[in-house]
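Chains as they are written, first to last, in this note's numbering: chain A, 2 to 388; chain B, 2 to 388; chain C, 6 to 360; chain D, 6 to 360.
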């Protein structure tokens, strides 16, 4: 039955001849975008595990899926959130162009004053009639300069404690009140942007969830971000593989001391890989484990140590850099470019997507059950909280 | 003038013929025990730096000083405290036999429930007439089994915050209410004791400082404990020297990987030595630095890592132990005995005399000026503090 | 990739072994072994062998065993590590048994599988797969694990006649107990004596090597069990120990250290499981899996025990608290069957990384 | 032991240098060097040389210098590290100057001491005392520090005629700037050209060696200054950055990390000072002091800069905050004049520890 639907789609829309956008549109309409979504919204109301099957068949037929590297926020975070919490109108309006990648999405969450403390968002949204007006500044937004839409968390009430005064919106990035500036990083590149919002208007119809429910909605979305972790990786995937290959090819960089250092990190990377593989097996049988947060700690530590070691092993090369010119790359490849870039870029691994400090808190409190930090802002109206 | 006094003492009390006790008594009476103490109390009211001079002359003449290893608490902590804060009667009664080592002192501070949190002492002292009655339990008391006297911190008021309800006493260890039990350690030895106090009586005349001033008095004494740090040490003093010597004598334990590990710790030990030497030079010119607490962290880390490495370098030997028999040694030699003992004993280095965790707080707050931990027991009567 | 999860049967096995350890061992009597050495705690061993029959896990049913395998034995060892149990499971039921299995020996294997007799491979305890030498000359072999109290000794010897694996009855030679850093797995000096020749030459070599490989692969599970127990005990302690009017486990520096330790212990579990699985599957990656597991789990166990001592504060330094038993077992096990340094050394060439 | 404290004169010198750096350098224009490379920030260099005359600290008065020594030069370098100053002090006023001093050269030394000209020793920047090779053949030498913008190049060359130290005017050859990881000390490929032969054979060897020793000894002070600055900046940042309604510096895990870093930085200061003093005293322990200081201070500087990036959070990852300048300088300096690994390797035999 499902197989039949796929065959029909492939027969009527030959991937070799129709454009990707057209094919994806047809795939969406056939309910083969996310088969666990309801009919009419890109799905067929089937159990989630059938998705993998469809992906496999599509791959076999050489049929395209949406490019995750171009619309990661849209596909990974926005679609499940809109499906779970959005209105029928939102689902009808946004899911299809999101899936076909005609509309790229970005995320307006972090702010200069709300990094680790994400709920401290100060960008404010004020309702007048059925239109919200938004003013504030967001930061660390990737892809903002070619995004058509954004998800936004803004403060709609300063009289209540910080988590209670947030609301979640869908924003048109072509609003004239939006200014996107590249945010240049330590590497010389600008992978990310700062986004300034000055009198940006949002119809109330583009609010997701109730006013004041923004934290809950945003958390739903963030949880979806974790799905990627736990997929099994090959041995020597990642930085260790790059370094091991260099070692094998270049006898001049070898030394006894470096050998033991290299083997130390090789083993660290391997045990993290094994841990990820086990987590994948657990997920497969429906027993998710709490290892994910801790594994992200390991990935960051290893990326930073291994790239640092790689620089030391070949000083004549490590003293140089490939290119400091300011670029705005379309996607991030941690393993791309030269060793100096990889070293600098890896510094972000312990900050982005939950800093290592925050993750250690999470592991200590949620996994080990140790007492939480005292919250000085608990129960205090946002306007009275020290910032 | 001072030299003359020393010569006179040596002439009248030939160290070669009189007993050590007699000589020390005469030295005390001559004001040559601590020349910076007042006359009549073992001193001559001179500046403190003359002490070194007297020590040098005594050494040259082969004359004995008091044995610091036997009466370290008495000499290092009790004498300066009694001199600074004690009554005239206390000074007259205790200083001389302390100096001659006829009376050995021990310290009754730590308790099972008051380790890092020293001010949480629960041993209570109640005044009736002019006699205090003490009940409680102390722990980690070295030398309690051959001490004649003790300094004690006890709680005399549970209605005030914890630091304010303590009082400092001098205790006769021969009181029938005192029971000393050896406290066996991880090494198999019992360097320390538990001391149980059941209805121990102390005349009010043996209170040091005012009632409720015990924390201040105890702190004075603890500060005196730090004097030892900062004395310059020779290169390869300590655990690293033992291991380096073994390495030199025993080619079988050498390997390239171990070489780099050994050199790593050799360098760590050397830079700590240089830091100590610099601190000594600073003290000499009257510019004490705040490095002491941080250096203790380094000593503990190095002692633990180096002894652990020493075990790994020679597995056939490291698998064995010299002796598990329960002993009560008179003094502690961190470098004594075999490698297994040194490894286990070194574990205490990050706990005794201020745990590494407490020391990091001290460095962060007092040296770097970072905000203090929130004190949940601040301003709360001791009786209401969670324990 | 091979399955890294526990089966329901393994979960049940774990429960049984844990129950037996809890019933028959208590830390105080285990500590007593340091003052009054004895080869092992007989009630616990009796329960493991007679009641649960786990000494025969590696042995096929037609040889008198249970016909399970390394995955199941690894679960038993996790629980033994958890309890620092003073029983000769690793030395007799894994290493010596594996040596005899490799040889297809039939006379003694059934009584080993039943736990009626115990055996030990007579090599220095730090010997590791690929790097060991048979006894030569007349000096006793030391320090040997599992020999104190064993009935049978498997002694690799080399003399003018070549390389032999001999089986010597303990009664026919001298086993001198040594004062060991870890008295829960006491070591001994074993005097050589001639006995029955079980095998010679390459066959004997392969048998010894198989025993050491099984030992190194499964020691990792014992180390993991020990490390995990240290973590759990310490988390429990810091939740309940009050200083400065709050549990010390509420101090962030302690929380973060325990989070890091959780990561290490979790990863050690995956590494140990992979080694057990690779041994069970006779996977071509077996040697890699063993070196990775030994290099990693050895250090994690030591680190977990060291953190346990430190975070138990003064109590961790006492003879009365059982924490020291874990530290001693962990540190000795780090040396056993090859130190992490040696395993890192061995691993490189297996994955085409050399100097 | 030699004096490890700063004299009043040195304290005054530090104040002057710090003032000059604060007046003439700001992080934004220093960052600008990454986009528009220039050899060094001329105002800062002018102030150091013309106003303060510190380029001549190592040079005797009768050769046109100040007649101070390595202790004083070390103080200047601490401040240069603190400011990640893009000035050729280490390469010209220390290394090249020391080479010429060793030779008793008189023609150029006075103008170097005055800062009117700058010079560079043409060896790969990772060359270290006892382990370097003169240029051979016709390939350019790279990566060379201090050559971009230098007037004079001191080039060790080896050919059939033996070993020579040549002095080549920058105008007479090609100095190709390289895109450097640390653009505040830009590197170059230097094309060989014949020039004046300053010395040959052992005399030339000794001069180059003296330059490298002075460079390695005093680089440690630059690294210490950098590390200390990172610590101070970070402590200041965490006191003021509010998250969760409190300064992030009130979180214990961060406090403990900074306490550990304080220890490292403090020890780096002692090690660097001892190296400077041993160089000043021409102490028999000089080689030990240099290897210890280089092995230790290199890593501390990197660690301090890495912690600064992490504890500045997202801001530490930006181009706008100056933290990245410190990380790049620290990581490059770790490789300069020998990595810590190489210095540990060198140290052992000096203290009778060998494999």
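Ideal Cβ placement from N, Cα and C applies to all residues, glycine included. Remember, predicted model here, so these are calculated numbers, not experimental data.
With 16 or more other Cβ atoms inside 10 Å of its own Cβ, residue 248 of chain D counts as buried.
Taking CB atoms only, residue 307 of chain B has no neighbour in chain D less than 8 Å away.
By the beta-carbon neighbour count (other beta carbons within 10 angstroms, threshold 16), residue 109 of chain A is buried. Here DSSP, grouped into helix, strand and coil, assigns residue 102 of chain B to coil. The DSSP assignment places complete alpha helix (DSSP H) segments of no fewer than 4 residues inside the stretch 316-358 of chain B at 316-319 and 340-347, in order along the chain. By the neighbour-count definition (other C-beta atoms within 10 Å, threshold 16), residue 286 of chain B is an exposed residue. According to the DSSP assignment, residue 152 of chain A belongs to the beta strand (DSSP E) that extends over 150-156. In the same chain as residue 75 of chain A, and ignoring 5 residues on each side of it, the C-beta atoms closer than 6 Å to its own belong to 99 and 106, in chain order. Shown in chain order are the members of the stretch 349-361 of chain A whose Cβ falls below 9 Å from a Cβ of chain D: 349, 351, 352, 353, 356, 357, 358 and 361.
Counting only residues of its own chain and dropping the five nearest sequence neighbours on each side, residue 194 of chain A has a CB closer than 7 Å to the CB of 142, 145, 146, 181, 182, 183 and 184. A distance below 8 Å separates the beta carbons of residue 30 of chain C and residue 90 of chain C. For residue 2 of chain A, the number of other beta carbons within 10 angstroms of its own is below 16, and it is reported as exposed.
Residue 272 of chain D reaches chain B at 269, 272, 273, 275, 276, 292, 295, 296 and 299, counting residues in chain order whose Cβ is nearer than 9 Å.
For residue 188 of chain B, the closest of B:329, B:310 and B:165 by C-alpha to C-alpha distance is B:329. Looking at the DSSP output, residue 252 of chain D bridges to D:247. A straight line joining the alpha-carbon of residue 352 of chain D with that of residue 258 of chain B spans about 15 Å. The criterion of a C-beta distance shorter than 8 Å is satisfied by residue 95 of chain D and residue 223 of chain D. Counting C-beta atoms within 10 angstroms of its own C-beta, residue 72 of chain B has 16 or more neighbours from the protein chains shown and is therefore classed as buried. By the criterion of at least three beta-carbon pairs nearer than 8 Å, the stretch 209-228 of chain D is in contact with the stretch 267-280 of chain D. Contact between the stretch 357-376 of chain B and the stretch 295-305 of chain B is established, with three or more Cβ pairs separated by less than 8 Å. Within chain D, no residue has its beta carbon less than 8 Å from that of residue 92 of chain B; the closest one is some 38 Å off. In the structure shown, residue 180 of chain C adopts extended strand secondary structure according to DSSP, grouped into three states. DSSP places residue 200 of chain B within a strand segment (E or B) once states are collapsed to three. Rounded to the nearest angstrom, the Cβ distance from residue 378 of chain B to residue 368 of chain B is 24 Å, too far for a contact under 8 Å. Residues of the stretch 236-256 of chain C with a C-beta less than 7 Å from any C-beta of chain D: 256, listed in chain order. Nearest CB-CB separation between residue 297 of chain D and chain B: below the 8 Å threshold. Under the Cβ distance rule, residue 261 of chain D counts among the residues neighbouring chain C, one pair being separated by less than 8 Å. As for any alpha helix (DSSP H) of minimum length 4 sitting wholly inside the stretch 9-53 of chain D, the runs are 13-29, 32-37 and 47-51, ordered along the chain. Rounded to whole angstroms, the Cβ separation of residue 308 of chain B and residue 343 of chain B is 5 Å, and the two are in contact under 8 Å.
For residue 348 of chain A and residue 314 of chain D, the gap between their C-alpha atoms comes out near 8 Å.
Within chain A, no C-beta atom comes nearer than 9 Å to that of residue 50 of chain D; the closest sits roughly 22 Å away.
Contact with chain A is absent for residue 232 of chain C, since none of that chain's Cβ atoms lies less than 8 Å from the residue's Cβ.
Closest option to residue 359 of chain D, judged by alpha-carbon separation, among B:282, B:299 and B:246: B:246. A distance below 8 Å separates the beta carbons of residue 227 of chain C and residue 82 of chain C. In the three-state scheme derived from DSSP, where H, G and I count as helix and E and B as strand, residue 314 of chain D is classed as helix. At a cut-off of 8 Å, the C-beta of residue 388 of chain B has no neighbouring C-beta in chain D.
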